[in-house]
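Numbering (the numbering used here), first residue to last: 6 to 203.
Using N, Cα and C, we set each Cβ at its ideal position, and we do this for glycine too.
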Ligand SMILES: C[S@@+](CC[C@H](N)C(=O)[O-])C[C@H]1O[C@@H](n2cnc3c(N)ncnc32)[C@H](O)[C@@H]1O
């Protein structure tokens with residue numbers, strides 16, 4: 006088991022943190038906010054009825070929508086409260102409490118791994134490389150990972166590119182938003198598409 010991730014540290018400091026997160030997205034949904042930008046891109050990248058891993062799925066916002074669109078989704082997160090909410094809201098999807106730094110889903114290979122909502126910046130410091138190596142190990146032939154996170158959160162874009170490279174992943178495309186605006190090093194967000202390095 007790796008050291009405490011930054012999400013778990015927030016929960017330790019504020020035991021209501023996960024409930025707050027769930028309620029925040031429920032309120033946005035009730036207000037009619039668009040919560041599916043990540044799922045729309047992931048859906049466009051995947052074959053029909055694809056095997057998709059929602060890595061750091063939280064309460065299942067992205068994976069639940071992908072399942073609704075006909076994909077075979079597995080969601081993994083270390084926060085059992087968020088996984089309980091995912092199970093409640095999307096009972097037909099496979100959700101697991103598991104640590105991405107020790108990702109081991111025997112026999113499971115994914116056409117697409119989606120890692121949305123700043124998960125990379127909530128990992129325990131120094132563990133991103135292990136998480137990315139786990140993504141690589143769970144990609145089906147020709148499969149890809151799409152990873153999005155913001156700047157200024159303690160894990161930089163250059164560090165991510167280096168970690169991906171070291172994990173045997175090639176950065177195939179970089180965007181600044183989930184609707185594919187162009188990325189530059191001064192962008193405040195990154196959406197990276199990764200595939201196995203040949
Ligand atoms: C801001 S939430 C994003 C949740 C979801 N992807 C979304 O977009 O709503 C960040 C998530 O990363 C998860 N996380 C952080 N480190 C993790 C790890 N090592 N293994 C699994 N999940 C982790 C947290 O538990 C938390 O649910």
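If one requires a minimum length of 3 residues, the beta strand (DSSP E) runs lying completely within the region 46-73 are 56-60, in chain order.
In this structure, the CA atom of residue 36 is about 27 Å from the CA atom of residue 156.
Taking each of 32, 42, 55 in turn and checking the Cα distance to residue 144, the smallest one comes out for 55. Relative to residue 73, the option among 115, 98, 32 whose CA is nearest is 98.
Within the DSSP secondary-structure output, residue 100 pairs in a beta bridge with 80.
Taking C-beta atoms under 8 Å as the contact rule, residue 58 and residue 118 qualify, at a distance of about 4 Å.
In the three-state reduction of the DSSP assignment, residue 23 falls in the helix class. DSSP, reduced to helix, strand and coil, places residue 14 within a helical segment of the structure shown.
DSSP places residue 158 in the coil class of the three-state scheme, outside both helix and strand.
C-alpha of residue 200 to C-alpha of residue 18: approximately 37 Å in a straight line. In the displayed model, residue 121 falls within coil according to three-state DSSP, outside both helix and strand.
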